[in-house]
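Numbering (this note's numbering), first residue to last: 1 to 250. Following: one structure in structure tokens, then a few remarks.
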């Protein structure tokens with residue numbers, strides 16, 4: 001005899017189980033990639049699920065098989081960070097980075113950052129030189145200077161780099177490819193990659209700034225963007241954890 005389950009009760013049971021799994025002993029703005037990577041991955045996966053469930057314009061089911069097939073369990077920084085080691089980067093990858101950031105910095109030089117024009121000119125000259133004749137040590141120095149410029153422009157503090165508001169979910173290959181790129185460059189690369197692989201819906205929304213109440217430009221992930229993004233994750237998190245409190249009251 002088949003067992004008939006009440007749909008609403010079953011859904012409530014599942015949500016309680018999820019709430020138990022994701023409940024944390026610290027605030028979301030205290031989570032870091034160094035200490036809480038597993039918890040952050042679970043949270044961002046849950047955000048993907050909620051988007052699919054609640055948005056009629058999206059597909060109604062999350063493609064979990066693609067998460068498993070493509071190993072989508074790696075965190076990538078929204079704003080760029082220096083790789084822990086550049087030993088694994090080859091010349092071809094470096095040349096791609098140089099081409100992308102030559103375009104990005106040229107646009108910034110024309111439209112933004114008027115107080116940094118001299119520095120951007122210097123960076124562009126270095127990029128041009130490395131495109132003509134590659135040198136690993138010079139590339140690593142340029143990479144550090146370019147990321148430092150980005151962080152200066154958005155007011156990124158060192159202790160904010162590895163927090164939840166600067167992280168999204170991708171596969172390991174994609175993370176390695178884009179982690180040290182500017183926000184606008186990441187968006188361009190993800191758009192190209194999305195033609196042949198699955199990019200998590202939350203990650204797509206971050207780089208199109210769909211969470212930002214007043215997106216000022218599409219070149220930087222600024223403090224307002226981070227706050228709005230974190231608030232959205234907090235809303236999803238609270239909607240589950242509050243179920244635990246209500247259940248205990250009963």
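Each residue gets a CB set at the ideal place from its N, CA and C atoms; glycine is no exception. Bear in mind that the values here come from a model prediction, so they are computed numbers and not experimental data.
The beta carbon of residue 247 lies closer than 8 Å to those of 16 in the same chain, with the five residues before and after it left out. The DSSP-derived three-state label of residue 162 is coil.
DSSP, read as helix, strand or coil, puts residue 31 in coil. Taking C-alpha positions only, residue 167 is separated from residue 125 by approximately 31 Å.
At a Cβ-Cβ threshold of 8 Å, residue 202 and residue 164 do not count as neighbours. The way I'd put it, the segment 37 to 49 does touch the segment 169 to 182; three or more beta-carbon pairs between them come closer than 8 Å. Per the DSSP secondary-structure output, residue 74 pairs in a beta bridge with 170. A distance below 8 Å separates the beta carbons of residue 97 and residue 181. Within the same chain, and ignoring the five residues on either side of residue 23 in sequence, the residues whose Cβ sits closer than 7 Å to its Cβ are 241 and 244.
In the DSSP assignment, residue 204 falls within the alpha helix (DSSP H) that extends over 201 to 207. Cβ atoms of residue 146 and residue 101 come within 8 Å of each other, at about 6 Å. By the neighbour-count criterion, in which 16 or more other beta carbons inside 10 Å mark a residue as buried, residue 94 falls on the buried side.
With a threshold of 16 other beta carbon atoms within 10 Å, residue 107 falls short and is exposed. Counting along the chain, the unbroken alpha helix (DSSP H) around residue 10 starts and ends at 7 to 22. A direct Cα-Cα distance of roughly 13 Å separates residue 103 from residue 183. For residue 132, the three-state secondary structure derived from DSSP is helix. The residues 154 and 183, in chain order, have a CB closer than 6 Å to that of residue 220 in the same chain once the five nearest residues on each side in sequence are set aside. Non-local C-beta neighbours of residue 105 in its own chain, meaning closer than 8 Å and more than five positions away in sequence, comprise 120, 123, 124, 127 and 146, ordered along the chain. Boundaries of the alpha helix (DSSP H) around residue 110: 91 to 111. DSSP places residue 67 in the uninterrupted alpha helix (DSSP H) bounded by 64 to 69. Residues 190 of the same chain have their beta carbon placed closer than 6 Å to that of residue 199, with the five preceding and five following residues left out of the count.
Between residue 150 and residue 79, the C-beta gap is smaller than 8 Å, which places the two residues in contact. Annotation: the continuous alpha helix (DSSP H) that includes residue 184 extends over 183 to 193.
When C-alpha distances from residue 204 are compared across 214, 213, 186 and 159, the shortest belongs to 186. Ranked by Cα distance from residue 74, the first of 34, 51 and 130 is 34.
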